[in-house]
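Asks:
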Amino acid sequence: MKLTIQNSGKVVFVGITRPGLLTTAFVLNLLLGSFLTFLSYAVILGAPADLSNGQFLFQLMLWFAPGFWYLVYNFIDLKMYAKSTQIELSDNGVTVTSKSIKHSLSAPISFENLAGITVNQSFYQRIFGIASVAITTESHEGFSPWGFLHDEAVKFSQEVLEKHRVLIRSVKK
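Residue numbering for the sequence shown follows my numbering, beginning at 1 and increasing consecutively.
#1: Please state whether DSSP places residue 141 in a helix, a strand or coil.
#2: Do the stretch 135-151 and the stretch 3-17 touch if we need at least three Cβ pairs shorter than 8 Å?
#3: If you check the beta carbons only, do residue 133 and residue 119 fall under 8 Å apart?
#4: Roughly how many angstroms lie between the CA atoms of residue 154 and residue 162, to the nearest whole one?
#5: Which term fits residue 72, buried or exposed, when burial requires 16 or more other beta carbons within 10 angstroms of its beta carbon?
#6: Is residue 15 helix, strand or coil when you go by DSSP?
#7: Is residue 64 near residue 15, with beta carbons less than 8 Å apart?
#8: Does DSSP classify residue 101 as helix, strand or coil?
#9: Quick check: the Cα distance between residue 160 and residue 57, rounded to an integer number of angstroms?
#10: What are the start and end residues of each continuous beta strand (DSSP E) run of 3 or more residues lying completely inside the stretch 64-130, in chain order?
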């Protein structure tokens, strides 16, 4: 059984509209954009008394550029994440696979090393019907891929727990 992200558009929208990401883009525009605008106005354009339409447009683009490119970078990263993230259930355990600009992960977890699996949903994820699957190991490592449909994530986690229980019972006997 394999759990994949069905709707990458939802994942990208939820990821891009996170308050922390938008705040960072705003602060980049505020600090770096303002500095670039000041620098270009004072140095490059020679501080003319009034800006022509082209110069004003150039100033405006400079002010928005840092936050815009930060959001574009995160958009591409989230799109890659949504296309490549999957959790696969096999007879031996669970394999978590994910690839994006910021990370590349392929983690096989055997049933002997599996401590638990939980389905989590933040308020914002609940609005869009997506959830994260938190997988923990006996060595206290954790993986929490997100963006899966809630109902599918619950079914998948129940299937994993059922296989895990069957294996633990057979090992104890």
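Don't be surprised by glycine CBs; every beta carbon is placed ideally from N, CA and C.
Replies: In short, the structure shows the following:
#1: Coil.
#2: Yes, the stretch 135-151 is in contact with the stretch 3-17.
#3: Closer than 8 Å, so yes.
#4: Cα to Cα, the separation comes out at about 12 Å.
#5: By the Cβ-count criterion, residue 72 is exposed, with fewer than 16 other Cβ atoms from all chains shown falling within 10 Å of its own Cβ.
#6: Of the three classes helix, strand and coil, the one that applies to residue 15 here is helix, per DSSP.
#7: Contact: no.
#8: Correct three-state label for residue 101: coil.
#9: About 56 Å.
#10: List check, beta strand (DSSP E) in window: 86-89, 93-99, 104-110, 114-120.
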